[in-house]
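So for the sequence shown, the working numbering puts the first residue at 28; every next one is plus one. Presented below is the structure to which this report refers.
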Amino acid sequence: MPFRVPSPRQLLPVALTAATALTWALLPAPARSEVLYTLETQCSLKQGAAQACTVEATEQDGTTLYRHTIGDRVVLIRIEAEPSRMSLWNPSNNLWTYLTSAGALLSSNTVCFNGMDLCVVNPNYLNSLVEEKPALYEGRDLVRVKFGIDGRVDLSCFDTACAEVN
């Protein structure tokens, strides 16, 4: 039986299938996020009354996203590990905006962002900070951080030193 070379029309489906398979193989795997915890707690907005809220913390590629659901409103805080930065999702322009400040009162497990624009009772987050650096937080109660325009920490203070910084 003589060997017959297939026509280009016959090879086209095979070539397209091979090209598609190769393209899919070369694409990076989609980033996977892992839910770290979900917490039913209390939040306040713009110094308003505390109200029930849910905090969901997810981790993805060195970034932790905190989704605060307060009634029908969702507030997102993102913490990037390297370099360390904190930002707030602005739904009006669909952009992340770097925070100007954050503070925590360890005795009440409360953390606030941008002054008191968003305050959350979140023992999970604060306990993780203390566990990471126990010597730094031992005997401390108030911690404040000011961020530069690039979102990186410009200044941090503890307890009475924070009054001197203001």
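C-beta: ideal position from N, C-alpha, C; glycine also. These numbers come from a predicted model, not from an experiment.
Under the three-state DSSP convention, the category residue i falls into
i	result
residue 124	strand
residue 191	helix
residue 77	coil
residue 114	strand
Neighbourhood of residue i by C-beta distance below 8 Å, restricted to the same chain and skipping five residues each side
i	result
residue 69	77, 78, 79, 80, 147 and 148
residue 157	133 and 164
residue 59	87
residue 143	71, 73 and 74
residue 123	105, 114, 115, 116 and 117
Residue i to residue j span [Cα, whole Å]
i	j	result
residue 185	residue 152	18 Å
residue 159	residue 75	31 Å
residue 172	residue 91	18 Å
residue 99	residue 105	20 Å
Cβ-based neighbour list, residue i, same chain, cut-off 7 Å, excluding 5 preceding and 5 following
i	result
residue 209	Because the chain here runs from 28 to 193, residue 209 falls outside it and cannot be looked at.
residue 174	113, 125, 126, 127, 128, 180 and 181
residue 150	136
C-beta contact flag for residue i and residue j at 8 Å
i	j	result
residue 182	residue 141	no
Burial state of residue i (16 or more Cβ within 10 Å)
i	result
residue 71	buried
residue 176	exposed
residue 93	buried
residue 82	buried
residue 108	exposed
Cβ shell of residue i (< 6 Å), same chain only, five flanking positions each side left out
i	result
residue 139	130 and 146
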